[in-house]
Each structure stands twice: as C-alpha cells, then as structure tokens.
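Take 1 as the starting number for the sequence shown in UniProt numbering and just add one per residue. The beta-carbon is built from N, C-alpha and C at its ideal position, and this holds for glycine as well. Quick caveat: nothing in here was measured; it's all calculated off a predicted structure.
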Amino acid sequence: MELRQLQYTLQIAAERNFSRAADKLHIAQPSLSQQLSKLEKELGVLLFQRNTSSVELTYAGEKFVDQAQAIIDAVELLRQEMSDISQLRTGRVVVGSMPITGAHLLPHVLPVFKSKYSEVEIALLEDSSMNLEKLTASGQTDLSLLSLPLEIPALAYEVLGEERIDLAVPPEHPLAARSALGIRTSLAELKDEPFIVLKEGQGFRKLTVELCREAGFEPRIVFESNNMETVQSLVATGMGVTLVPHFIARAPRSEFVPVYLLLADPVPSRTLVVAYRRGRYLSRAAEAFIETFKATVAGLADE
1 MELRQLQYTL QIAAERNFSR AADKLHIAQP SLSQQLSKLE KELGVLLFQR NTSSVELTYA
61 GEKFVDQAQA IIDAVELLRQ EMSDISQLRT GRVVVGSMPI TGAHLLPHVL PVFKSKYSEV
121 EIALLEDSSM NLEKLTASGQ TDLSLLSLPL EIPALAYEVL GEERIDLAVP PEHPLAARSA
181 LGIRTSLAEL KDEPFIVLKE GQGFRKLTVE LCREAGFEPR IVFESNNMET VQSLVATGMG
241 VTLVPHFIAR APRSEFVPVY LLLADPVPSR TLVVAYRRGR YLSRAAEAFI ETFKATVAGL
301 ADE
C-alpha cells in the first residue's frame, strides 16, 4: 500500500467519477484505474462499485476512506511540523549549564536567541560539570556548556571561545592597590594566601588547583562553596583570595565586592565549549543556539 494510492482513492471518492478524479490528480485515467485495481487486489476487497453511470463506495470503501483520510491528515501535519522545525519556526533544545556559566552568560545569550527564534523552547538543566558530562553522554541534554578538558570520551564539542581568568582579593589586601595601577600579579605570589574555592565536582575548582600547582604550590584551601557568588562575597569580607572567570568578574555586584586583578603573562584562561554526545544528531534549533552563543561570547570578550 502506497501513500499515493490513498490519495487516489480519496480523490475518486470525492469526485465519484474516474475521469474527473484523474484530471484533478493530473494523471491518465487508465493509470488511475490500474492503481486502484492494484490496491483492491492487495486488500482483497472492492472499494468502489462501478457501473456505466456512477462510482459508489462499498462498505469496505467507506471504512477505508475514513482511515485513509486520517492517515493523509497525519502525514500532512507531520510534514508541516518538520517544515516548521527545519525553518526554525518551532523546536526544543535541552541545554545543560554549569551554574556559574548559566548565571552570567545565559542572560546575554537567551534574549538574543529568543528574539530570533521566538517559537523555539529552551529547557535549562543546571548541574556540576561532572554530572553534566554524564547527562550529556547519556543523551539527557541536547548540548551542555562546559569547559575543557572533558573527562568522558563519548563527548564531542565545539569551542565557544577563551575566557580570561582574573584574581579576586579583599579590598584591604596589600595587592588590591595594583588594580588602579594596572600592575599584574603572578600566581606564584599567592603561595601563602588562603584560598576560597568551589567544591569538588565543579570544573573551575579543578582548574584553580591545577593552575596553582603549575605555579609551584598547593593552594591552602580554607573554605569551599557550591556557589561562585558566595566565594566572591567571602573574598570581599577578607577571608581569602580566589580565581574568577572574567565573565563573572565583569558582572555588576551590589555588595561584598572584591577587587579584581589581572594575572601576569602567560595569562591563564579556560576554554568554553558546547558539548554533545558524539554521533548525536543536532537539530537546526540546536545549531542555531550554538551559533548565537559563539557570537555572544565573542562580543563579550571584546568588551
């Protein structure tokens, strides 16, 4: 049974005449009759009672036409939905994000994306980088915003951009005066400082520890938090120092504001990526989200 045979049958039922039906379908009448006979033979029933003056539906024909119309309607709806998705008139993208990234980058990205693709739904899932990798690898997110390196080999990624890493110190700290003077600070100078960092399982905590080790010391961690806002507030009150992604450091804060300093060359950075399960099909909506994110990150990096 072919879709065109359903369409032919519906047209014959509507016209009650083979000649008119063939004209409407833009095919020769013998071809139409041949296709109907082929369908009836396959089904083992007559769909139409033919005589010299009329064409009438049989009982089987009436049942067939009802179901055929439902099938044609469903196919047309499916075509329209796929067209809407292909033209980005609708769709859904499940985006995984680290809380610190989501809080400071998505407010820049989502309004731009929604202004272009208003009918595409974005579902946000926030978690630690470790858990996000697992969720992405299992297909529970379409894509996730992470930073390199990725731990799970099943993930592929596209680079969104590089993000500079800054140093945050209390306003009363001896190094704080360097901010106004533009003097850069080396990581090695921080070897005796107390550090406030994110808790285990978050990618930026791991990066902070690795950068300190590369500078020749193990950071003396005095406090941990799941929230970068809390980390910065504790630094501002004098409890220690920390490293902060630049996009977070540049965000306005109303109280408990630390002083941000530039680190000496080679300036450390992290590579932001959008990750997805290797081999997973990315919808046009997901691809559009990636492109919007890339453009937004590039614009913020220039500020």
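### Task
Answer with buried or exposed for Leu78, where buried requires no fewer than 16 other C-beta atoms within 10 angstroms of its C-beta.
Leu78 comes out exposed.
### Query
What are the start and end residues of the alpha helix (DSSP H) that includes Glu214?
DSSP places Glu214 in the uninterrupted alpha helix (DSSP H) bounded by Gly203 to Glu214.
### Message
Which residue marks the beginning of the alpha helix (DSSP H) containing Leu25, and which one marks its end?
### Response
Phe18 to Leu25
### Query
What are the complete alpha helix (DSSP H) segments, minimum 4 residues, inside the segment 230–258?
246–249
### Query
Where do the ends of the beta strand (DSSP E) carrying Pro194 lie?
Counting along the chain, the beta strand (DSSP E) containing Pro194 begins and ends at Pro194 to Leu198.
### Message
Suppose contacts are defined by Cβ-Cβ distances below 8 Å. Is residue 304 in contact with Val65 by that definition?
### Response
Because the chain in this structure spans residues 1 to 303, residue 304 falls outside the shown range and cannot be described.
#### Entry: For Ala275 and Asn17, the rounded distance between their alpha carbons
59 Å
### Query
Three-state secondary structure (DSSP) at Gly279?
coil
### Query
Hey, is Thr292's beta-carbon within less than 8 Å of any beta-carbon in chain D?
The chain inventory of the structure shown lacks chain D, comprising one protein chain alone.
### Task
List the endpoints of the continuous beta strand (DSSP E) containing Gln49.
Phe48 to Arg50
### Nearest-angstrom Cα separation, counted from Glu172 out to Leu272
32 Å
### Message
Buried or exposed, going by whether 16 or more other CB atoms sit within 10 Å of the CB of Glu133?
### Response
Glu133 comes out buried.
### Where Gln232 falls, given that 16 or more other Cβ within 10 Å makes a residue buried
buried
### Query
For the beta strand (DSSP E) that Ile168 lies in, which residues bound it at each end?
Checking the sequence, you will find Ala at residue 168 rather than Ile. Segment Leu155 to Val169, the beta strand (DSSP E) holding Ala168.
### Message
If distances are taken between C-alpha atoms only, which option among Glu42, Ala14, Leu160 and Ser19 comes closest to Glu291?
### Response
Leu160
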